[in-house]
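Colleague: Residue numbering for the sequence shown follows the working numbering, beginning at 266 and increasing consecutively. A virtual CB, placed ideally from N, CA and C, is assigned to each residue, including glycine. Okay, handing you the structure first.
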Amino acid sequence: MIGTGYVGLTTGVCFAHLGHHVICQDIDEKKIQKLKNNENVIYEPDLDAFIHNGLKSGNLEFTHDMAKAVQQSDIIFICVNTPPKPDGHADLKYVEQVARDIAKHMNGYKVIIDKSTVPIRTAEKVKETINKYSKGDFKFDIVSNPEFLREGHAVYDILHPNRIVIGVENARSRDMMLELYTSFQNTPIKITSIKSAELIKHGANTFLATKISFANLIAEVCESAGANAKEVLEAIGLDERIGKYFLNPGIGFGGSCFPKDIKAFKKTLEIFGINHSLIDSIEDINNRAVDRFIKKIEKELWVLDGKRIAVLGLAFKPNTDDIRNSPAIKIIDALKKEGAKICAHDPKAMEKAKEIFNDIDYADNFYECVRGCDALVLCTEWDEYKKIDFNELKKLLITPIIFDGRNIIDKKIASDNGFVYFGIGG
Numbered sequence: 266m267i268g269t270g271y272v273g274l275t276t277g278v279c280f281a282h283l284g285h286h287v288i289c290q291d292i293d294e295k296k297i298q299k300l301k302n303n304e305n306v307i308y309e310p311d312l313d314a315f316i317h318n319g320l321k322s323g324n325l326e327f328t329h330d331m332a333k334a335v336q337q338s339d340i341i342f343i344c345v346n347t348p349p350k351p352d353g354h355a356d357l358k359y360v361e362q363v364a365r366d367i368a369k370h371m372n373g374y375k376v377i378i379d380k381s382t383v384p385i386r387t388a389e390k391v392k393e394t395i396n397k398y399s400k401g402d403f404k405f406d407i408v409s410n411p412e413f414l415r416e417g418h419a420v421y422d423i424l425h426p427n428r429i430v431i432g433v434e435n436a437r438s439r440d441m442m443l444e445l446y447t448s449f450q451n452t453p454i455k456i457t458s459i460k461s462a463e464l465i466k467h468g469a470n471t472f473l474a475t476k477i478s479f480a481n482l483i484a485e486v487c488e489s490a491g492a493n494a495k496e497v498l499e500a501i502g503l504d505e506r507i508g509k510y511f512l513n514p515g516i517g518f519g520g521s522c523f524p525k526d527i528k529a530f531k532k533t534l535e536i537f538g539i540n541h542s543l544i545d546s547i548e549d550i551n552n553r554a555v556d557r558f559i560k561k562i563e564k565e566l567w568v569l570d571g572k573r574i575a576v577l578g579l580a581f582k583p584n585t586d587d588i589r590n591s592p593a594i595k596i597i598d599a600l601k602k603e604g605a606k607i608c609a610h611d612p613k614a615m616e617k618a619k620e621i622f623n624d625i626d627y628a629d630n631f632y633e634c635v636r637g638c639d640a641l642v643l644c645t646e647w648d649e650y651k652k653i654d655f656n657e658l659k660k661l662l663i664t665p666i667i668f669d670g671r672n673i674i675d676k677k678i679a680s681d682n683g684f685v686y687f688g689i690g691g
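Structure (structure tokens):
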């Protein structure tokens, strides 16, 4: 595994759990040293135990040495970051550098896998790069094997995938990949061309983002017309052709995947001269979801300057410490600009949030967070926030006002307990 970010680390650790010998390589020596010392570097349920067991069994090792990682491996996963450029195109400089490093250290036949989410035709460029910089006449094959991991459920998703996609160009690499995945007898395995495999991840994430933005569009209509978005979307989701998943209105999607992937897909459409107005609408609705929520807060509280507001949830979703593109960060930033005083809580993401906001207060538990605040703002649907004691909450807040950006609190129950409640979608 070249790269021990979210994808590389979780994938490598899980393959070691399945009995493969896995070498995880990264250029970050401090990170590698922590991992060697059995110190996890990201929060993901069950990952700590799997790292510990992998190191103990000898199936898992971490190294900074690229030559060792390449030369001692038959299969090499490229799992490096592909951040968006200002124009939305995926920045492939890290992929290109890894391809050059692999070429430099190759010592025999290798299957080289694009695991990072990359645009179509990336495999062609990786192949060209390795051929250009190779020091010997070694055979290799390129494979596209996109990941479909959900942050907060990555270990489960790797060990119990709903499908495995393998893009290959010949039988030799196909057979090696099927051998690698031999433990997944009951999982559908889709063998495709490399180009098709490269499109599948961007297509899947764009479709999921579309469902989220559609739910928020319905919420926007319901708020204007006096309907109830939950009722509307639940009925729509009963149609088996549509399904209920991702039809939940809220303050929009964030994280490292959806925003980046739909921008990259839009750039792909531009390159091929294909209209991308659908992607523009997805992004626009997602941005409006946050803006509308902020306006609700501003309208109800009137003057924000000097008011103290509790923000529960900083990660972009529960069961992760990832705050990249988190709606909570955008909301805090907007409230701070209006002079509001923020106290924040998150079960896992506060340390990362402190790297962005060092001028707000943080509380060790959510009841302490709301003490003396003028309102409560819910941004992430952590399970513990769903079990709030309304009697205790009412004692701690100056005014009993709740802004629920994820609809995790029942409006009627909140109202019956004397709270002024604002959710999403009526």
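Look at the alpha carbon of residue 295 and the alpha carbon of residue 620, and state the distance between them as a whole number of angstroms.
Modeller: Those two C-alpha atoms are separated by around 18 Å.
Colleague: Note down, in chain order, each residue of its chain lying with its Cβ closer than 8 Å to the Cβ of residue 415, except the 5 sequence neighbours on either side.
Modeller: Within the same chain, residue 415 has close Cβ partners 422.
Colleague: Can you list, in chain order, the residues of its chain whose CB lies under 7 Å from that of residue 593, leaving out five sequence neighbours each side?
Modeller: For residue 593, where only same-chain residues beyond five positions count, the Cβ hits under 7 Å are 576, 578, 579, 644 and 645.
Colleague: In the DSSP output, which residue or residues are listed as bridge partners for residue 641?
Modeller: BP columns for residue 641 point to 575 and 667.
Colleague: Quick one, are the C-beta atoms of residue 428 and residue 457 less than 8 Å apart?
Modeller: Going by C-beta atoms, residue 428 is not nearer than 8 Å to residue 457.
Colleague: Do residue 569 and residue 605 have their CB atoms nearer than 8 Å?
Modeller: Contact: yes.
Colleague: Taking the Cβ atom as the reference point for each residue, do residue 475 and residue 385 lie within a distance shorter than 8 Å?
Modeller: Not closer than 8 Å, so no.
Colleague: So who's on the other strand from residue 349, going by DSSP bridges?
Modeller: BP columns for residue 349 point to 355.
Colleague: Give the DSSP-derived three-state secondary structure of residue 562 in the structure shown.
Modeller: Note: residue 562 maps to helix in three-state DSSP.
Colleague: Do you know whose CA, among 280, 684, 329 and 309, lies nearest residue 301's CA?
Modeller: Comparing Cα positions, the closest option is 329.
Colleague: For residue 689, name the three-state secondary structure that DSSP assigns.
Modeller: Coil.
Colleague: Pull up the CB-CB distance for residue 513 and residue 480, whole angstroms please, since I reckon it's below 8 Å.
Modeller: That belief holds up - the Cβ atoms of residue 513 and residue 480 are roughly 6 Å apart, short of 8 Å.
Colleague: According to DSSP, is residue 651 helix, strand or coil?
Modeller: In the structure shown, residue 651 sits in a helix (DSSP, three-state: H, G or I).
Colleague: Would the segment 583 to 601 count as touching the segment 315 to 335 if we require 3 or more Cβ pairs under 8 Å?
Modeller: Because the criterion of three Cβ pairs below 8 Å is not met, the segment 583 to 601 and the segment 315 to 335 do not touch.
Colleague: Three-state secondary structure (DSSP) at residue 516?
Modeller: Here residue 516 sits in coil by DSSP.
Colleague: Around the C-beta of residue 567, are 16 or more other C-beta atoms found within 10 angstroms, so that it is buried, or is it exposed?
Modeller: Exposed: under 16 other Cβ atoms inside 10 Å.
Colleague: With a 10 Å radius around its C-beta and 16 neighbouring C-beta atoms as the bar for buried, classify residue 669 as buried or exposed.
Modeller: Buried is the call here.
Colleague: For the 8 Å Cβ check, are there 3 or more pairs between the segment 374 to 385 and the segment 459 to 473?
Modeller: Contact between the segment 374 to 385 and the segment 459 to 473 is present, because at least three Cβ pairs lie under 8 Å.
Colleague: Going by CA-CA distance only, name the one from 336, 629 and 391 that's closest to residue 343.
Modeller: Closest by alpha carbon: 391.
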